[in-house]
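Asks: Here's a structure for you.
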Ligand SMILES: Nc1ncnc2c1ncn2[C@@H]1O[C@H](COP(=O)(O)OP(=O)(O)OP(=O)(O)O)[C@@H](O)[C@H]1O
Ligand SMILES: Nc1ncnc2c1ncn2[C@@H]1O[C@H](COP(=O)(O)OP(=O)(O)OP(=O)(O)O)[C@@H](O)[C@H]1O
Ligand SMILES: [Mg+2]
Ligand SMILES: [Mg+2]
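Protein chains in written order, with the working numbering: chain V, -8 to 285; chain Y, 56 to 450; chain S, 424 to 772; chain R, 706 to 938; chain U, -11 to 272.
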C-alpha cells in the first residue's frame, strides 16, 4: 500500500472516529453521573438528523439555522427524556433504568418510523468549504471540521468537568446524591445540565454525521450508538479523554480493517479488540481502577 | 415536498382488509361471498419501504378488481399481516392468516422470511406468489432437488441479475476489470455478488477487489479507497438504493472514475445522491418506470392513493403478482371448486403456471414460468441521466 | 415472614408438582394433537415455551448472579446452529429420535461458550461485563455470517442462513424442556450452590470471605445460563426451520433481557409470566400493526417507571406454599401459638 | 432557632418517626440519644430535607422549611454531617472540602480550608489523597471538616464519634464545644451518651420513634432510667 | 491449589452454647505474623508488623484512625497481598493463597463497614457461611440426592443454633438488610462463625452500639471463644471492651507496632497514651 493511500485511510478513520468520539462523550457524561447506559442517546442523534432534514427540506431554512435547530432539539429532547423517564427511577435498581432507556430508544425509533416513514431521507449538505490537499491526498472540508470540532469539544468538556463549579457538582452528584444535596447542590439541576450537555454533543455529532453520510433514517442511531458506546467503554467510561481516544481507536481500527480487505469482519474485529482490551485492562484504556476499600 | 405527510395518509387509508379483526371462533374457512388472499410482509422495521410497496401495489390491483365486480362475483378480501422482517413473526403471521381462511398468499417480501413461510405453506400446498424474494432457494430445494410447486414469484432471481450485469459489463461496456462492494449480512446482496463473480470468471473479467460492509454501515470510504486505488473499469454495487446512494457519493469523493453497476435494488437511487455523482450509473431491473402506458397508469393510480414514497419496483411486481394470482383464482372459481379444498388449491397453482403467460401485466408481458417456477422475464437496463432513471434497453 | 411453614413434607411436594405438570402436559398435548386449536395457537404456545426457557436461563445470570449480560442471543444462536446442523445431517426417518440429542449438543456447545465467555468476564464488573457479552454476541453473529467464505466449506450458509431444518419442535418436547429447565434451575438455586451464586450478587468480597469460590460460581452461573439458552436455541431452530444470523442480533438479547427485568429480576415466576405475556402481546396487538411497536415500547417505559423492580420483584410463586397457606388457613383455626413446633418442622424440611 | 413540630416519617409501611416535636435554641448544644434504630438519623434527615415528614412542621429561623429542597436548606445555614460519613470517595480531600463550600463564593473559602486543616492536621497530610482510601477515622474528620466549610449556623452531627480512636473522640467533642462557643448551634446525635450529655445543654431521649424524656443534660446524666439504658451503668 | 490442612469439623449439632467451660487460655500460637508490610503507592500502610495469637486467645488490635488496623485484617485475609513478610496459620505459610483458601484454612472475619447479603434472609446469610461445611455436589443438588437433604437439614439446624448465640433465631426469616444496625453486626459474626474458623477477626464489632449493648457483646465474644475454642482478634475503639476482654493487645501507629502487652501494660504505656488514648485515662 502506498503512502497516500495510507494517509487517506487514516483520515477516513479519523473522521468517522471523531463522530464516534463526540457521541461517546455524551454517553460517558450521562454514564458518569447516573451510571446509566443511555441507550436512547443514539436515537437523540437520529432526531437531530430528522430535525435538520425537516428544517432544510420542508421549511427551506438556512443551513446554519438548521444546525442550531437540530442541536436545540437534541438538548430539549435529552432533558425531557431525563425528566419524564429517568427522574422517577432515580432510586430504583440500575437495570430498571437501563430497560427504561431501551424502552425510550425503541419508542423514539418507532415514532420516527411512524412519522417519517421507514425509508431514509436525504439530508442536504449543511456545511461546505474548501478542501485541502495533504501529502498529495485530498481531504474534504467536512473531514477536517469534524476532527477539529470533536477535539475542541473534548477540551472544553474536560475544562468544564475538572474546573467549573458545575463540573464538580456533577462529580459529587454522581457519587452520592444525598451527600451532594447536603452540600447545597441541586441534584435535579445538575443532572438536567449533564443531559443537556451530553445531548448537545449528540446534536453536534448528528450534524457532523449528516455532513459525512447525508441520510436520516429511524434506526440510524442504534448501531451508531452502540459503536460510540463501545468507544466510550474502550477508552474507559466516565473519562472524557478516554471517550475521545476510544472513538479514534474504533474509527481507525475500522478503517484499517476495511483497508486490508477484511471489511466483512469489521464489526467482529472491533468487538474483539474491545474484549481483548477489557480483558487486559478491565476498566478501559484510561479508566481508573478503583480498588474498593474493604 | 410533503412526503412525510403522504406516508401518514397512506397508512391511514382504511383498506378493506381484515386487519382489525381477531380470528373468529371456530376457525371458519372462506365465507360464501369473499375470497381471502393473505399478504404477509415487513410493513414495519428497516425494510418497511419494500413491504409497504408490496402491500400497496397488490392492494391497488385488488381494489380495482373489486370495484369492477371482483372475481366471479365474489369480492376479494385482503388479510394483511406484518412480520417486521423477522422469520419468527413471518411464520406466526402466516399461520394466523391461514386461521383466517386465506386461499392464497401474495408474499412474503424478504427472501429469508419467504423461505420461512414456504416451509409452512408447502405442506399445505397453498398457492403463493412472492413479488420480491429473489433467492433461488425460495422455489427450489437444491439439497433434495425438489421444486416447491406451490411457490411462484414475479421478480428475478439473484443469479439471473448478477449474471446479466456481468454479461452487460463485459459485452456492452467492454470492461476488463471489476470491483464489488456488497452488504455481507444481506442474502440478496450476497446472491447477486456470487453470481456476478462466477460469471465474470467465465467472461474473463478480472475482479480486482471484493469488499463487503455490514448492515447499517454508512461509511464506505475505506473500502472505496481500496477499490479506487485499483482503478477497476466497473464497480458492481448489488445493494439497496439507500446504501447505494451513499456508496456512489463516497466513491466519487475518493476519486473513483469508473462506471457503477447495480441490481434491481438500486431502483430509486436518484433520491439518495446528487445527479452529478450518479450520472451514468447502470442497473438491471424488472421494471422500467414510466416506460409504457400501463406502467404510467399504474404509477399515477399508486401515487394518487399512497403517495410516491413507496412506489418502487416491488410495488410494480406486487401489482403483477396480484394480477397473476387473481386470474388463477378466477380459473378455480369458474371451475366451481370449493375454496380451501385440495383441488381448489391445486387448480389455482396449475392456473398460475399455465394461464399466466398471456396476461396483461405491467413489468412483463405475461408470466411464463420455467421448471423452477421462476418467471421468464426480460431484463431491463436502466441508466441514470440528469438525475432521472431512464430506460436504456432490454438486454 | 416465617421460614417455617412448610407443611407438606418434601418428597411429596415434588411429587405433587410433577403430577400437576404431567397432567398439564397431557391435557395440552391432547388438545393440540387433536386439532382443537389451530397451528397458529400451537405455534405461539411453542414460542412461549422457548422464550420461557430463554428468560428463565437469562435470569440465572441476571437475577441470581447479578451480572448484566447483553449477549444471550449469542448462546441461543450457538445452540440453534449446532442443533440445526446435526438435524440436517441425520436421516429423515430418525429426526424424532435425534432431536433430543441435537438439543443436548446445542446446549453443551453453548455451555462451553458460556465457559469461554465466563472466564474473561471474571475480571470485569457491571457494565464492562455487559459490553463484553454484547461484543461476544455480535462476534458470534459476524462469524456465522462470514465463516463459510473464509474456511471454504459450507457450514452455516452465511447470510442466506441455514434452511430447511427439520421442523421437529413440538409442544410436548418444548414443554418437557421448559419443565426440566425450571426444575433444574429451581433446585440448583435452592441449594448451597445456588446460595453461593446469590452471595456473589449480594456482595462479592463478603462471599469470598465466607470461603465461596467466586470464580467457580460465576462461571457456573454463566454456563448454566448459556446451556439452557442453547437448548432453547435448538428448539427455536426446530420450530422455525430457517436460521439466519441477523435474527440473533443485539435486539434479540435485549428482548430476552426485557422479559427478565419486566418480570422481576431473580423471580422465576416473573420470568415465566413475562416471557408468556411478551410473546403473546405482539400477537394481541396485531390489529394495531403500525402502532404495536410504539405501544410495546410505551408499555415498557411505563411499567418500569411505575414498577421499577419488575412486576414480581424477587417474589417467587410456589404452588406448595400456596397449598401450605390453604392448609394453614384450615388448621390455623384449631392450632395457635406453636412457634416452636413449627421451627422443628422447618428444621426437618 | 430550630423548631420541630409533630413530624412523622414512614419507610413504606414502617412508621419510623411517630409525632416527634422538639426545639433547639440559638447557641445551644442539644443532643438526641437513643438505641439503635430509635429513629435519630431519620429525624436529622427529615430536618435537612432528605426525608419528608407526613404532616407536621419544621421551622428554621422562623421559616417553615418542611417543604424546601435539601440543597436550599443548606444555603440557609443548616449543615449536616451524615451518618456513615458519606464523603465523596472519588474526590481528593481538598476537593471534598471545596464541595462543602459549594453554597459560598469568594476568596475566604481558602481560609476556611486552612482553618479545617489546622483543626485536623491529618487531613492536611492527606490533602491530595482520594477520600475513598482514607481510614474510617480520617473520613469522619473529613466529613466534619466538610460540613464546617459551609459556615453553618446550625450544625447537625450524626454519630460523629463512631469508629474513632478515644483520643479523637475527645478531640471531636472538643471541636464541637469550640464551635459552639464560637456561636454555632449544635444538634448532636450520639450513641456515646455519656460524652454527648457531658457537653450538651439539653437532651432528648428517643425510643422507637418517640421522644420519651427531655430534660437538662445534667439531669439526664443522673436519671436512673437513662443511666441504665444508655450509660452502661 | 494447595489443599487446606484443617480438617473440616464434622457437622454435628454444637454443644449447647450455655456451657462455658472453666479453663485456661491455650497460648500455643494459631497465627504467627512476621515482618508483615504493605505499601500503597508511596504510602506504607503497615510496616514490620509482628505478632502471634494463641489458639484460644482473645487479642486486641488498637491504634489511631488510619493506623493500618483494617489493613492488617485485609492482609491476613488476603484481600490485599502483602508487600513483605510472612503469615503462618497453624504452622502453614499462607503466602500465595487467596481469600477463599485462607478462609478454608480457618480465618473468618467481619467488616468495618457491614457487608451482609442484604436481600437474602438471615438464615440464608448464615447458610452461605456454612457453604463449605456442606459437601453434596452440583448433581446431587439438582437431582435432590439424599445427601442434599441430609446436609441441608443439618446445616439449617446448625445455622439456627449459631443464631441462638445472639438470640437471633426468631429473625431467621427476615431479610438481613432490614435488621437494625446492631443486629446486622451480630449477624456478620454469626455468618463468620459458620465458616468454622480457627481464628475469628472482628473489625469494630461494637461500633454504633450503646454501652449496654456493648457489654452484652463482650459477654458473647467470650462465650464464642469458650464454646468454639477458637482464637479471636478484634479491632475496637471502645476501650471498655478492649480492656475488658482482650488477653493480649497490640497497638499500631502509622503502620508500626508501638506497644504490645496486657491491658494494664498498654493503659500505662506513655507512647500509647500519647498516640491513642489521650489524657483521659489519667483523669479517671
Ligand atoms: N431505608 C430504610 N428502609 C426501611 N426502614 C428504614 C430505613 N432506614 C431506617 N429504617 C428504619 O427506621 C427506623 C429508624 O432508623 P434510624 O436509622 O433513624 O435509627 P437511628 O436511631 O439513627 O439508629 P442507629 O443508631 O442505628 O443509627 C429503624 O427501625 C430502621 O430499621
Ligand atoms: N487501598 C488503599 N489504597 C491507598 N491507601 C490505603 C488503602 N487502604 C488503606 N489505605 C491507607 O492505609 C492507612 C491505614 O488504613 P486502615 O483502614 O487500615 O486504618 P485503620 O487502622 O483501620 O483505621 P480506622 O480505625 O479509622 O478504621 C490509611 O491511611 C489509609 O488511607
Ligand atoms: Mg443513625
Ligand atoms: Mg479500620
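A virtual CB, placed ideally from N, CA and C, is assigned to each residue, including glycine.
On the CB-based measure, 16 or more other CB atoms within 10 Å of its CB, does residue 730 of chain R come out buried or exposed?
Replies: Sequence index remark: in the fourth chain, residue 730 of chain R carries index 25 (1-based). With fewer than 16 other Cβ atoms within 10 Å, it is exposed.
Asks: Only counting the same chain, and skipping five residues up and downstream in sequence, which positions put a Cβ closer than 7 Å to that of residue 177 of chain U?
Replies: Residue mapping note: residue 177 of chain U aligns to position 189 of the fifth chain, counting from 1. 98, 190, 193.
Asks: Out of Y:312, Y:118, Y:413, point me to the one whose CA is closest to residue 234 of chain Y's CA.
Replies: Along the second chain, read from residue 1 onward, the residue named residue 234 of chain Y stands at position 179. Per the Cα distances, Y:312.
Asks: Closer than 8 Å, CB to CB, is residue 628 of chain S near chain U or not?
Replies: Stepping through the third chain from its first residue, residue 628 of chain S is reached at position 205. Yes - at least one Cβ of chain U is within 8 Å of the one on residue 628 of chain S.
Asks: For residue 74 of chain V and chain Y, any beta-carbon pair shorter than 8 Å?
Replies: Looking up residue 74 of chain V in the first chain gives position 83. So, not an interface residue.
Asks: Give the DSSP-derived three-state secondary structure of residue 785 of chain R in the structure shown.
Replies: Taking the fourth chain and counting its residues from 1, the one referred to as residue 785 of chain R is at position 80. DSSP places residue 785 of chain R in strand when its eight states are reduced to three.
Asks: Please list, in chain order, the residues of the region 630 to 641 of chain S that have any C-beta partner in chain U closer than 8 Å.
Replies: Listed by position along the chain: 630, 631, 632, 633, 634, 635, 636, 637.
Asks: Given that a residue counts as buried once 16 or more other Cβ atoms are within 10 Å of its Cβ, and exposed if not, what is residue 577 of chain S?
Replies: One-based indexing of the third chain puts residue 577 of chain S at position 154. Result: exposed.
Asks: For chain V, is any of its Cβ atoms less than 8 Å away from the one on residue 284 of chain Y?
Replies: Taking the second chain and counting its residues from 1, one reaches residue 284 of chain Y at position 229. For residue 284 of chain Y, the answer is yes, since a Cβ of chain V falls inside 8 Å of its Cβ.
Asks: So within the region 14 to 78 of chain U, which uninterrupted alpha helix (DSSP H) runs reach at least 4 residues, ignoring any that extend past its ends?
Replies: You should have 57 to 64.
Asks: Ignoring anything shorter than 4 residues, give me the alpha helix (DSSP H) runs that lie fully in the region 661 to 696 of chain S, in order along the chain.
Replies: Entirely contained in the region 661 to 696 of chain S, the alpha helix (DSSP H) runs reaching 4 residues are, in chain order, 673 to 686.
Asks: Pairs of beta-carbons, one from the region 313 to 330 of chain Y and one from the region 56 to 73 of chain V, closer than 8 Å: are there three or more?
Replies: The region 313 to 330 of chain Y, when compared against the region 56 to 73 of chain V, does not touch it at the 8 Å Cβ threshold.
Asks: Could you tell me how far apart the beta carbons of residue 189 of chain V and residue 281 of chain Y are, in whole angstroms, since I believe they sit closer than 8 Å?
Replies: Position 198 of the first chain, counted from the start, is the residue given in the question as residue 189 of chain V. Position 226 of the second chain, counted from the start, is the residue given in the question as residue 281 of chain Y. That belief does not hold up - the Cβ atoms of residue 189 of chain V and residue 281 of chain Y are roughly 35 Å apart, past 8 Å.
Asks: Helix, strand or coil for residue 81 of chain U, going by three-state DSSP, please let me know.
Replies: As a first step, residue 81 of chain U must be located in the fifth chain, where it is residue number 93. Residue 81 of chain U: strand per DSSP, three-state reduction.
Asks: For ligand 5, is there any heavy atom lying closer than 7 Å to the beta carbon of residue 638 of chain S?
Replies: Absence of ligand 5 from the depicted structure is noted, with ligand 1, ligand 2, ligand 3 and ligand 4 being the only ligands included.
Asks: Is the CB of residue 566 of chain S under 8 Å away from at least one CB in chain Y?
Replies: The count along the third chain starts at 1 and reaches residue 566 of chain S at position 143. Not one chain Y Cβ lies under 8 Å of residue 566 of chain S.
Asks: Can you find a C-beta in chain Y that's less than 8 Å from the C-beta of residue 443 of chain S?
Replies: For the purposes of this step, residue 443 of chain S is identified with residue 20 of the third chain, where counting begins at 1. Chain Y contact via Cβ: absent.
Asks: Under 9 Å between beta-carbons, which chain S residues line up against residue 258 of chain V? List them in chain order, please.
Replies: By 1-based counting over the first chain, the position of residue 258 of chain V is 267. Ordered by position in chain S, the residues that pass the 9 Å Cβ test against residue 258 of chain V are 561, 562, 564, 565.
Asks: Inspect the beta-carbon positions of residue 377 of chain Y and residue 161 of chain Y and report whether they are closer than 8 Å.
Replies: Start at 1 with the first residue of the second chain, and residue 377 of chain Y comes out as number 322. Start at 1 with the first residue of the second chain, and residue 161 of chain Y comes out as number 106. Going by C-beta atoms, residue 377 of chain Y is nearer than 8 Å to residue 161 of chain Y.
Asks: Please list, in chain order, the residues of the region 600 to 620 of chain S that have any C-beta partner in chain U closer than 7 Å.
Replies: Listed by position, the residues of the region 600 to 620 of chain S near chain U (Cβ gap below 7 Å) are 607, 610, 611, 614, 615, 616, 618, 619.
Asks: Determine whether the Cβ of residue 163 of chain V lies closer than 8 Å to any Cβ atom of chain R.
Replies: Counting from 1 along the first chain, the entry for residue 163 of chain V is found at position 172. Answer yes: the Cβ-Cβ gap between residue 163 of chain V and chain R drops below 8 Å somewhere.
Asks: May I ask you to report which of helix, strand or coil DSSP gives residue 812 of chain R?
Replies: Counted from its first residue, the fourth chain places residue 812 of chain R at position 107. Correct three-state label for residue 812 of chain R: coil.
Asks: Listed in chain order, which residues of the region 183 to 195 of chain U have Cβ atoms closer than 8 Å to some Cβ of chain R?
Replies: The residues in question are 192, 195.
Asks: Leaving out the 5 sequence neighbours to the left and right, which residues in its chain are closer than 7 Å to residue 483 of chain S when beta-carbon positions are compared?
Replies: Against the third chain, residue 483 of chain S aligns to sequence position 60. If we look at residue 483 of chain S and ignore the five residues flanking it on each side, its Cβ neighbours are 608, 644, 647, 648.
Asks: Using a threshold of 8 Å, state whether the C-beta atoms of residue 114 of chain V and residue 206 of chain V are closer than that.
Replies: Counting from one through the first chain, the residue named residue 114 of chain V turns up at place 123. Counting from one through the first chain, the residue named residue 206 of chain V turns up at place 215. Yes, the Cβ-Cβ distance between residue 114 of chain V and residue 206 of chain V is below 8 Å.
Asks: Short of 8 Å in beta carbon distance, which residues of its chain neighbour residue 445 of chain Y, apart from the five on each side in sequence? Order them along the chain.
Replies: The count along the second chain starts at 1 and reaches residue 445 of chain Y at position 390. So the list reads 437, 438, 439, once near-sequence residues are dropped.
Asks: What span of residues does the alpha helix (DSSP H) with residue 594 of chain S cover, start to end?
Replies: For the purposes of this step, residue 594 of chain S is taken as residue 171 along the third chain, with counting starting at 1. Element bounds for residue 594 of chain S: 594 to 612.
Asks: Which residues in chain S have a C-beta closer than 8 Å to the C-beta of residue 273 of chain V? List them in chain order.
Replies: On the first chain, position 282 is the one that residue 273 of chain V refers to. What residue 273 of chain V touches in chain S: 546, 547, 548, 551.
Asks: For the putative contact between residue 29 of chain V and residue 11 of chain V, defined by C-beta atoms under 8 Å, what is the C-beta separation to the nearest angstrom?
Replies: On the first chain, position 38 is the one that residue 29 of chain V refers to. On the first chain, position 20 is the one that residue 11 of chain V refers to. With a Cβ gap of about 16 Å, residue 29 of chain V and residue 11 of chain V do not count as contacting.
Asks: Residue range of the beta strand (DSSP E) that residue 765 of chain R falls in?
Replies: Taking the first residue of the fourth chain as position 1, residue 765 of chain R is located at position 60. Residues 762 to 765.
Asks: Flag this pair as yes or no: are the beta carbons of residue 101 of chain Y and residue 109 of chain V separated by less than 8 Å?
Replies: Indexing the second chain from 1 puts residue 101 of chain Y at position 46. Indexing the first chain from 1 puts residue 109 of chain V at position 118. Cβ atoms of residue 101 of chain Y and residue 109 of chain V: closer than 8 Å.
Asks: Could I get the ranges of all uninterrupted beta strand (DSSP E) runs contained in the region 111 to 196 of chain U, with 3 residues as the minimum, in chain order?
Replies: Correct list: 187 to 191.
Asks: Report the rounded CA-to-CA distance for residue 175 of chain U versus residue 112 of chain U, giving the unit in angstroms.
Replies: As a position in the fifth chain, residue 175 of chain U is number 187, starting the count at 1. As a position in the fifth chain, residue 112 of chain U is number 124, starting the count at 1. Residue 175 of chain U and residue 112 of chain U: Cα-Cα distance of roughly 11 Å.
Asks: Closer than 9 Å, Cβ to any Cβ of chain R: which residues of the region 142 to 160 of chain V, in chain order?
Replies: From the region 142 to 160 of chain V, only 156, 159, 160 have a Cβ closer than 9 Å to chain R.
Asks: Determine the burial state of residue 307 of chain V: buried for a count of at least 16 other Cβ atoms within 10 Å of its Cβ, exposed for fewer.
Replies: Limits of chain V in this structure are -8 at one end and 285 at the other, which puts residue 307 of chain V out of reach.
Asks: Anyone know if the C-beta pair for residue 824 of chain R and residue 850 of chain R falls short of 8 Å?
Replies: Counting from 1 along the fourth chain, the entry for residue 824 of chain R is found at position 119. Counting from 1 along the fourth chain, the entry for residue 850 of chain R is found at position 145. Contact flag set, yes.
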